[in-house]
Amino acid sequence: MAMRELVPSATASLTLRGSDRPVTLATLLPLALPAIVRADGRILLGLQVHARSGDVSRDAAAVLEQALAAEPGTMVSSTGLPGPGPRLQDLLDPDAPIEPTVHEDFAFWLEGSTAQDPEVDASMERANSAVVPTVRLDATPGAAYWCRIGEKAHLRWVMPYPEDALLDALARLGADGTLGLGEDTRYAGSFRAHGLLVPVWDLPVDPPAADWAEAASDFGARLAGALGAGGPLTAAERRARDGIRGRQLTLR
């Protein structure tokens with residue numbers, strides 16, 4: 011989800027079921043293409059494309075199947091709504107990890123390519139100019155990303171928990187005064203996308219991303235305790251939950 015909605019430039023190697031064909035998942039490809047087949051047969055699969063069916067996973071699987079059948083050197087374009095078929099996870103080895111690598115720019119577009127394409131060059135120049143500095147933190151659970159937008163810094167944390175349970179846990183921390191990540195930080199709200207909740211904190215802009223790893227780890231421990239707490243919310247926790255719920259934004 012983070013590569014689809016939050017991270018500007020990142021890649022992750024995918025392992026297919028029953029195949030050693032190299033496939034790389036990417037946030038964005040040149041000209042917002044859904045896939046590219048390199049001259050050596052390697053496939054780049056883009057996530058940040060216009061949704062077609064409303065099911066991002068089915069759309070990605072349909073594009074991947076097109077790319078697998080395409081000739082080397084092909085720029086795969088959308089062919090409209092996909093019919094019934096597998097979703098992306100159905101095509102992948104379920105035991106293989108997916109480890110995103112965040113990039114500072116889109117230079118990976120040109121890796122292994124010697125051909126010059128003015129359209130690709132122009133697309134990369136535009137994409138590079140719009141990149142938001144982003145760093146993934148070693149925080150558990152989920153995936154936490156520090157980013158700097160202008161003169162502001164934020165932590166965006168994709169959480170793997172059911173929304174209601176996560177909201178209750180955040181409410182418990184909010185009522186207890188431990189929802190922040192430290193001095194001069196503020197819980198700003200959350201994004202909701204693809205069935206997941208992404209809490210967001212405002213941070214001081216000066217400390218580098220690495221300085222927030224410990225605070226994020228500490229928060230993860232507090233959150234785990236709040237998730238494990240039993241019983242109904244108190245009146246103060248219910249008020250905190252109402253405030254947290256009121257600061258949600260759904261990404262479509």
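11 is the number of the first residue of the sequence shown in our numbering; add one for each residue after it. The beta carbon of each residue, even a glycine, is placed where N, CA and C say it ideally should be.
#### Entry: Cβ pair count under 8 Å reaching 3, the stretch 221-237 against the stretch 198-206
Taking 8 Å as the limit for Cβ pairs, the verdict is that the stretch 198-206 does not touch the stretch 221-237.
### Message
So, at 8 Å on beta carbons, what are the nonlocal neighbours of glutamate 161 in its own chain, with the 5 sequence-adjacent residues on each side left out?
### Response
Translated into the one-based positions of the sequence shown, residue 161 becomes position 151. Closer than 8 Å at the Cβ level, and outside the excluded window around glutamate 161, lie Val215.
### Message
Can you give me the C-alpha to C-alpha distance between arginine 158 and alanine 117, rounded to a whole angstrom?
### Response
For the purposes of this step, residue 158 is taken as the residue at position 148 of the sequence shown. For the purposes of this step, residue 117 is taken as the residue at position 107 of the sequence shown. A straight line joining the alpha-carbon of arginine 158 with that of alanine 117 spans about 20 Å.
### Query
Taking the alpha carbon of histidine 164 as the point to measure from, which residue in Asp105, Leu213 and Met13 has its own alpha carbon closest?
Within the sequence shown, numbered from 1, the residue matching residue 164 stands at position 154. For histidine 164, the closest C-alpha among the options Asp105, Leu213 and Met13 is that of Leu213.
### Message
On the DSSP letters alone, give me the boundaries of the alpha helix (DSSP H) that phenylalanine 201 sits inside.
### Response
Counting from 1 along the sequence shown, the entry for residue 201 is found at position 191. Element bounds for phenylalanine 201: not the alpha helix (DSSP H) but the beta strand (DSSP E), 196-203.
### Task
Using three-state DSSP, classify arginine 249 as helix, strand or coil.
Position 239 of the sequence shown, counted from the first residue, corresponds to residue 249. Three-state DSSP puts arginine 249 in a helix.
### Message
Would leucine 54 and leucine 41 be called neighbours here (beta carbons separated by less than 8 Å)?
### Response
What you label residue 54 is simply residue 44 of the sequence shown in a count that begins at 1. What you label residue 41 is simply residue 31 of the sequence shown in a count that begins at 1. Taking 8 Å as the Cβ cut-off, leucine 54 and leucine 41 do not qualify as a contacting pair.
### Query
Would alanine 153 pass as a contact of valine 168 if the rule is Cβ separation under 8 Å?
By one-based count along the sequence shown, residue 153 stands at place 143. By one-based count along the sequence shown, residue 168 stands at place 158. Cβ distance < 8 Å, so alanine 153 and valine 168 count as in contact.
#### Entry: Proximity winner among Met11, Leu43 and Thr111, relative to serine 19 (alpha-carbon distances)
Taking the sequence shown and counting its residues from 1, the one referred to as residue 19 is at position 9. Considering only alpha carbons, the answer is Thr111.
### Status (buried if at least 16 other CB within 10 Å, exposed otherwise) for proline 92
Against the sequence shown, residue 92 aligns to sequence position 82. When all chains shown are included, proline 92 counts as buried.
### Member of Ala250, Glu193 and Leu35 whose CA lies at the smallest distance from the CA of alanine 181
Here residue 181 refers to the residue found at position 171 of the sequence shown. Looking at the Cα atoms, Ala250 is the closest of the given residues.
### Query
Roughly how many angstroms lie between the CA atoms of leucine 102 and leucine 26, to the nearest whole one?
Indexing the sequence shown from 1 puts residue 102 at position 92. Indexing the sequence shown from 1 puts residue 26 at position 16. Approximately 4 Å, taken between the alpha carbons.
### Query
Can you give the beta carbon distance from alanine 36 to leucine 57, rounded, assuming they're within the 8 Å contact cut?
Along the sequence shown, read from residue 1 onward, the residue named residue 36 stands at position 26. Along the sequence shown, read from residue 1 onward, the residue named residue 57 stands at position 47. Indeed, because the Cβ distance is near 7 Å, the residues count as touching under 8 Å.
### Task
Have a look at serine 88 and serine 67 and give me their C-alpha separation to the nearest angstrom.
Your numbering for residue 88 matches position 78 in the sequence shown. Your numbering for residue 67 matches position 57 in the sequence shown. Each residue's Cα considered, the two are about 14 Å apart.
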